Amino acid sequence: MGNKMYEASQFVLSIVEKIMANSITFSGEKNLNTNAPTLFVANHFTRIETFLLPYVIYKKLGFKVRSLADHTIFTTATIDYLNAVGTVSTKDRYRNEKILGDLLTGRDNWLIYPEGFMIKSKKVLLSKDTFMVENPKGLHDIFTGSAVLALKSELEKSRYFEANNRFDVEAIREFKENYFIDEKEELSYNNTLIIPINVSYFPIRKGQNSISNFAHKYIDAKGESVEEEIDIESNLLLNSQVHVHFSKPIDVKAFLFHIKRDLKKDNLEINEESVIERGRVALTNMMMNEVYKNILITFDHLFGLCLEYMLNDEFSIRELKAKIYLLSRELERLAIYHLDSSLDASLCKLLNDEPNVLFDNIFKVALEQNIIVADSDKYTINRDNFKNEHTFHTIRVKNILRVLINETIILHELHECAKHNVQKDMHIVYKEVFYIIYNRDTAQFNHDYNKFYSVFDTKPKEIGKPFILYDEKNTTGCVLSHGYKSASREVEPLAEYLFANGINVYAIRLKGHGTMPEDLRDTTYKEWYDSFDIGYTALSCVSKKIFLCGFSTGGLIALLKAANSTRKINGVVCINSAISLDDIHANYISPNHNVIDSFLSLFDSEYDMYESEPEYPEISYKKHYTSSIGEWKELIDATEKKLKDISIPSLIIQADKDPIVNPKSADLIYDRVGSTQKEKYLVNSSKHVVILDDSVNQEVFEKITEFIKSN
Numbered sequence: 003m004g005n006k007m008y009e010a011s012q013f014v015l016s017i018v019e020k021i022m023a024n025s026i027t028f029s030g031e032k033n034l035n036t037n038a039p040t041l042f043v044a045n046h047f048t049r050i051e052t053f054l055l056p057y058v059i060y061k062k063l064g065f066k067v068r069s070l071a072d073h074t075i076f077t078t079a080t081i082d083y084l085n086a087v088g089t090v091s092t093k094d095r096y097r098n099e100k101i102l103g104d105l106l107t108g109r110d111n112w113l114i115y116p117e118g119f120m121i122k123s124k125k126v127l128l129s130k131d132t133f134m135v136e137n138p139k140g141l142h143d144i145f146t147g148s149a150v151l152a153l154k155s156e157l158e159k160s161r162y163f164e165a166n167n168r169f170d171v172e173a174i175r176e177f178k179e180n181y182f183i184d185e186k187e188e189l190s191y192n193n194t195l196i197i198p199i200n201v202s203y204f205p206i207r208k209g210q211n212s213i214s215n216f217a218h219k220y221i222d223a224k225g226e227s228v229e230e231e232i233d234i235e236s237n238l239l240l241n242s243q244v245h246v247h248f249s250k251p252i253d254v255k256a257f258l259f260h261i262k263r264d265l266k267k268d269n270l271e272i273n274e275e276s277v278i279e280r281g282r283v284a285l286t287n288m289m290m291n292e293v294y295k296n297i298l299i300t301f302d303h304l305f306g307l308c309l310e311y312m313l314n315d316e317f318s319i320r321e322l323k324a325k326i327y328l329l330s331r332e333l334e335r336l337a338i339y340h341l342d343s344s345l346d347a348s349l350c351k352l353l354n355d356e357p358n359v360l361f362d363n364i365f366k367v368a369l370e371q372n373i374i375v376a377d378s379d380k381y382t383i384n385r386d387n388f389k390n391e392h393t394f395h396t397i398r399v400k401n402i403l404r405v406l407i408n409e410t411i412i413l414h415e416l417h418e419c420a421k422h423n424v425q426k427d428m429h430i431v432y433k434e435v436f437y438i439i440y441n442r443d444t445a446q447f448n449h450d451y452n453k454f455y456s457v458f459d460t461k462p463k464e465i466g467k468p469f470i471l472y473d474e475k476n477t478t479g480c481v482l483s484h485g486y487k488s489a490s491r492e493v494e495p496l497a498e499y500l501f502a503n504g505i506n507v508y509a510i511r512l513k514g515h516g517t518m519p520e521d522l523r524d525t526t527y528k529e530w531y532d533s534f535d536i537g538y539t540a541l542s543c544v545s546k547k548i549f550l551c552g553f554s555t556g557g558l559i560a561l562l563k564a565a566n567s568t569r570k571i572n573g574v575v576c577i578n579s580a581i582s583l584d585d586i587h588a589n590y591i592s593p594n595h596n597v598i599d600s601f602l603s604l605f606d607s608e609y610d611m612y613e614s615e616p617e618y619p620e621i622s623y624k625k626h627y628t629s630s631i632g633e634w635k636e637l638i639d640a641t642e643k644k645l646k647d648i649s650i651p652s653l654i655i656q657a658d659k660d661p662i663v664n665p666k667s668a669d670l671i672y673d674r675v676g677s678t679q680k681e682k683y684l685v686n687s688s689k690h691v692v693i694l695d696d697s698v699n700q701e702v703f704e705k706i707t708e709f710i711k712s713n
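The numbering of the sequence shown is this note's numbering, which starts it at 3 and goes up by one.
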């Protein structure tokens, strides 16, 4: 196939590439060998794959690929383009000879879909060691034609070299003529390779869009199958991630060696016919097993699997989310399957009681398709609708979750893992999730601590690491945060006091803290918020009542979380928190008044780093950077805008002679918080870190405990 064919492909499909931008990803590229004749075999879910897959393999990986396509797509509108890019119809009488000619010489590689047509339902079964797929007429064995072509490419190559060794000019001429090989072309000495490909899409949705509107307007599309393909495939182009996985190559010559050995062992004749007959099904199963087991497991798969294996059809959203998260972590531990990047450890945000695009999107689909029925804050699975496969041409638009379940049917370890974890008692699920998140949090701290470790300057690990005080008999929990430049040790006395009064505590470590100032320099306020979120997510799983409490900057984050949460949090406490830059004394940044006259002026300073002596140098950093202070400013601005959204009981504690934060800041917070249940409490102290000041901290602790107990 000449370069003009690929130039045509680039001209047409570059439009598609612009639409899809960076939505095509690859894995297993190391398995490609540009020197070997390669037969790619792939699963077939969409019509656009016929056009798109050869193009992206060439465009992204430099691998020229021709494809065999169903004859029905060769229409008046597409035939010239398909011929130009080297696509061959399944009805072409010379299709096998053309494919073999390319594989024998290595001049082009080929892509074949052994399923034979689009498997819209993604139903794949394994029956008596043979894969079966579903088409509109029912289940049937996967076609073995691609395996036969691969076997023939090596068998015919051997026959050619034998003729060449005999100097049989006539046999060589006929051979080349039969396989469309030019007289001067040589056959490849490299073995034919089969590389199984899995193509996965996420998410798979229906709905109107610019492409479907255009198609419905200008294309004479009649019939449910055409309508369905327009709705589904236009959305895949515009709104989905396409993942292409290349499995390890199957060496066809090596496979033939084993087949011939088995025939010899069984005292059977070894010839082309017997070899193909013995090997075609085994080779097909080998390559399709690689195709099917390498699907990309996505969030939607886990959502569907959790519904599939729930023992009780009635559930709460929080219960479902906890099961999904627990299953994702177990699959990561097993390390058997390819997991979408959205299923990493940060998926714990699923449980943070804030809007979650991944969950909200598929949950909305399940509601619209009447798979889940809403009743107040409880939901029920409609098993009949969930199991309904509709028709082959409508299942993708009427029950996409069943399509995803079908796709995983043969992945037995996946289903066993899902069943085992989903059917656990919710008390166990929540407790396991709690410890999984906490262990992940401590592992992140250990990573950061080791990364920035300094023999001379780093403080002991115990100063900075997050910690929990937990007794499962307690039903109330409090997420507790330290302040800017400080570490978890700062809140330890308060945490111990609360725990002694029957309140579980998760003392978080704001990212960038408890290690080295250079770590803080490169951290954003959103990462601080995420740190608080981790503690909230974990502790809320094992608490009937949940409270948020933070000192100084930690108080701002507690307020912001209270404003963002969709769950009824029971109360929020902030201690000596500044809600305006004007309320922060300049000497907190630097005692050198010749450098800066006010907090705001530091952003115009030529300095990017400052030092100041903290009240508790054994805990807090002396040094900090302008970039960190800038993030602090961003946090203040973000929190100030959201105070009006706080509707829960709020306690604002402020030292009346705070040397760092102007006590008027407490008035601002009190006035702007939207809650009708709020209290400002002044502490008679000239210290900023009142939670460590023995002269007043017991008073502060008692006030916070009283607030929690009364709400």
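Positions of the beta carbon are idealized from the N, C-alpha and C atoms, including for glycine.
For clarity, every value in this text was computed on a predicted model and none was experimentally measured.
query: Where N596 falls: helix, strand or coil (DSSP); result: Residue confidence for N596 is low, a pLDDT of 43 falling below 50, so the modelled location carries little weight; the figure read from the coordinates is stated next. Note: N596 maps to coil in three-state DSSP.
query: Terminal residues of the beta strand (DSSP E) in which D443 lies; result: Premise fails: D443 lies in the alpha helix (DSSP H), 428 to 453, not in any beta strand (DSSP E).
query: Host beta strand (DSSP E) of T52 (start-end); result: Element bounds for T52: not the beta strand (DSSP E) but the alpha helix (DSSP H), 50 to 63.
query: Proximity winner among C419, F305, Y203, F42, relative to F254 (alpha-carbon distances); result: The sequence shown places Val at residue 254, rather than the Phe named in the question. Of the listed residues, the one whose Cα sits closest to V254 is F42.
query: Buried versus exposed, by CB contacts within 10 Å (16 or more), I638; result: buried
query: Assigned secondary structure, P495 (DSSP; H/G/I helix, E/B strand, else coil); result: helix
query: Whole-angstrom distance between R511 and R714, CA atom to CA atom; result: The question about residue 714 has no answer here: the residues shown for the chain are numbered 3 through 713.
query: Counted within 10 angstroms of its Cβ, other Cβ atoms place F163 as buried (16 or more) or exposed; result: exposed
query: P116 beta carbon less than 9 Å from that of M289; result: yes
query: Buried versus exposed, by CB contacts within 10 Å (16 or more), D342; result: buried
query: Cβ pair I552, L482 closer than 9 Å; result: In the sequence on display, residue 552 carries Gly and not Ile. In contact: G552 and L482 (Cβ atoms closer than 9 Å).
query: Cβ-based neighbour list, Y472, same chain, cut-off 6 Å, excluding 5 preceding and 5 following; result: N506
query: The region 93 to 108 touching the region 255 to 275, judged by at least three CB pairs closer than 8 Å; result: no
query: Own chain residues within Cβ distance below 6 Å of K323, not counting five before or after; result: L352, L353
query: For R569, three-class secondary structure by DSSP; result: coil
query: Cβ pair N578, H690 closer than 9 Å; result: yes
query: Status (buried if at least 16 other CB within 10 Å, exposed otherwise) for R385; result: exposed
query: Where N241 falls: helix, strand or coil (DSSP); result: helix
query: Which of helix, strand or coil DSSP assigns to K125; result: coil
query: Terminal residues of the beta strand (DSSP E) in which T525 lies; result: Looking at the DSSP string, T525 is not in any beta strand (DSSP E), and its letter there is neither H nor E.
query: Beta-ladder partner(s) of R68, from DSSP; result: W112
query: C-alpha distance - Q446 paired with Y627, whole-angstrom precision; result: 22 Å
query: Rounded straight-line distance, which links the Cα of F248 to that of I59; result: 11 Å
query: Three-way DSSP call (helix, strand, coil) for P198 in this model; result: strand
query: Local Cβ density within 10 Å of S456, reported as buried at 16 or more and exposed below that; result: exposed
query: At least three beta-carbon pairs within less than 8 Å, the region 512 to 532 to the region 479 to 494; result: yes
query: Run of the alpha helix (DSSP H) containing K267, from where it starts to where it stops; result: 254 to 267
query: Nonlocal neighbours in the same chain, by C-beta distance under 7 Å from E708, ignoring five residues either side; result: none
query: Residues that L41 bridges to, as DSSP identifies them; result: W112, I196
query: G537 versus S582: straight-line alpha-carbon distance, rounded; result: 26 Å
query: Per DSSP, the bridge partner or partners of Y683; result: I655
query: Cβ pair count under 8 Å reaching 3, the region 25 to 39 against the region 186 to 205; result: yes
query: Best match in S276, F119, W112 for proximity to H73 [C-alpha to C-alpha]; result: F119
query: Nearest-angstrom Cα separation, counted from Y203 out to D233; result: 15 Å
query: Buried versus exposed call for S348 [16 or more other C-beta atoms within 10 Å across all chains shown]; result: exposed
query: P468 to I706 span [Cα, whole Å]; result: 21 Å
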